[in-house]
Amino acid sequence: MFFSKEKILLKPPWLRVKAPQRERIGEVADLLLDLKLNTVCQEASCPNIGECFAAGTATFLIMGPGCTRACPYCDIDFDKSVRELDPTEPQRLGEAVERLKLSHVVITSVNRDDLIDGGASQFVACINQVRQRSPLTTIELLIPDFCGNWDALATVMAAAPEVLNHNIETVPRLYKKARPQGIFERSLELLQRVHQGWPRTYTKSGLMVGLGETDNEVLEVLSNLSSHHVDIVTIGQYLSPGPKHLVVDRYPTPGQFDQFRIYAEEKLGFLQVVSSPLTRSSYHAGEVQKLMAKYPR
């Protein structure tokens, strides 16, 4: 339904990804298959899957693989049916973290608007299992907006993840087009509430470019995130998953991504900014441990 008559832009050379190490990828993929776990790396067709799997890392996708929202930029399957949570999923995830010997784990989810708490209880169960089996592993959550259910947010935050990520995704003008069930101001409020209510947790957000925004709009969103006390921000290139998804509007150069980073670091004072064409919200997420050491809480 999102076919475009516009000319499809060719990918520039800086978006080429090196061939992955097949042996290590197979090892991680086999473990995930064995434990019947989903990863956002696979479900969302992340371009960095080779590098991350080769390094023995993955971003776990819980409560999926189907999502109750149908954002036209995303490759995750749409499923609005009411589904029970799998009570064994947290144990299986905890085992995977232990077997992969992860020092830092990222846990995200599909949107589960069919659940009263949006799946907050499942996030907590996963955190508890990771802490039980791998007590030294730091935990980063990438959560949905829970439809503004702040009690659900409080449930998640009571489990004290080291990092709480909620992606702003795009500029407010494009929400109706790219994120029709999201609300820009609600996402900002979520991040602000985390900062105010749980100040020891590092807050994080990310956005894509190439959906039709201008550079000035990107800078304005970065300013919004800074004024809502976000610590870490990621900026990456939108890549269309297929012909039924939104087309790519532009490919900013690596130099433009550097300019976004410089502005965010020097003008706005974020603790950490990762900005490049291949950046994704969980790319090199483990480096946050260096930030924790530099800015302890």
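Every letter in the sequence shown is one number past the one before it in the working numbering, and letter 231, counting from 1, is 231. Even for Gly, the Cβ is constructed at its ideal location relative to N, Cα and C.
At least 8 Å separates the beta-carbon of Val274 from that of Thr214.
Look at Thr59 here: in three-state DSSP terms it is strand. When only Cα atoms are considered, Leu153 and His195 end up about 12 Å apart. Sequence-distant partners of Thr155 (beyond 5 residues in either direction) whose C-beta falls short of 7 Å from its own C-beta, in its chain, are Asp117, Ala120, Ser121, Val124.
For Gln272, there is no enclosing alpha helix (DSSP H); the residue is part of the beta strand (DSSP E) that begins and ends at 272-275. If you look at Glu140, you'll find it in the beta strand (DSSP E) that goes 138-142. The C-beta of Phe60 has 16 or more other C-beta atoms within 10 Å across all chains shown, which makes the residue buried. Between Leu191 and Val230 a beta carbon distance of about 5 Å is seen, short of the 8 Å cut, so the two are scored as contacting.
Scanning Thr201, Met208, Val248 for the CA closest to the CA of Leu291 turns up Thr201. Across the structure, Lys177 and Pro72 are spaced so that their CA atoms are roughly 8 Å apart. Non-local C-beta neighbours of Leu15 in its own chain, meaning closer than 8 Å and more than five positions away in sequence, comprise Pro47, Gln237, Leu239, Tyr251, Pro277, Leu278, ordered along the chain. The three-state secondary structure of Thr201, taken from DSSP, is coil. When only Cα atoms are considered, Ala158 and Gly197 end up about 10 Å apart. Beyond the five residues adjoining it in sequence on each side, Leu37 comes within less than 7 Å, by CB distance, of Phe60, Arg92, Leu93, Ala96 in the same chain, given in chain order.
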